[in-house]
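To start, the structure itself, in structure tokens.
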Amino acid sequence: MKVFDNTTKRFFLASWVAINHTETNHAPVTQLRPSAPSSHVGFLQPLRQKIENIQINNPQLAHRLCKLIPAQCPFERDVKLFGKTLFHIPPMCKLNPFFEEVVGLRFRAMCYLADECGEDISQYC
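For the sequence shown, the numbering used here assigns the number 44 to the initial residue and increments by one for each residue that follows.
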């Protein structure tokens, strides 16, 4: 009975969280964020902190952020000619050094609208 319970717990944990134990060095889960390249850490860190410290406590600000920050990369597309795909332009948003912070800001704005204001956010998805 214990073997089944332990196996089930490992399966469910592994199904939505994948952690390589050799890379974690027993770090807490809050510290398992992908690290930025060391050349960008120094001078971009203050801007990252400012973006992460933006408090969303106004519905108008939350609506504005949800409208300004796109849900998907606007540059990704397929270039077609006569119905055949010639080539695919990959998403360029990952090249933005503030990508994770901006996406997190949009997510916090959507959570504020849904949780605090009780609004339907399906129009922003």
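We put the CB at the ideal spot given by N, CA and C, even for glycine. Predicted model only: the values in this text are computed from it and were never measured.
Would you call the CB atoms of residue i and residue j closer than 7 Å?
i    : j    : result
I94  : L148 : yes
C109 : Y167 : yes
R120 : I132 : yes
F118 : M135 : yes
Give the DSSP-derived three-state secondary structure of residue i in the structure shown.
i    : result
L56  : The pLDDT assigned to L56 is 38, lower than 50, so where the model puts this residue is not dependable, and the model offers no usable value.
D121 : strand
F130 : strand
Q163 : Per the sequence shown, residue 163 should be read as Asp rather than Gln. Coil, per DSSP.
I94  : helix
A114 : coil
P89  : helix
M153 : helix
P102 : helix
For residue i, does the count of other Cβ atoms within 10 angstroms reach 16, so buried, or fall short, so exposed?
i    : result
M153 : buried
A105 : buried
S165 : exposed
Thinking residue i and residue j are a contact (beta carbons under 8 Å), I'd like their distance in whole angstroms, please.
i    : j    : result
Y155 : I97  : With 8 Å as the limit, Y155 and I97 do not qualify as a contact, their Cβ atoms being about 11 Å apart.
R107 : E144 : The pair is not a contact, with the Cβ atoms about 17 Å apart (cut-off 8 Å).
Looking at C-beta atoms only, is the number of pairs between the segment 158-168 and the segment 127-146 that lie closer than 8 Å three or more?
-> no
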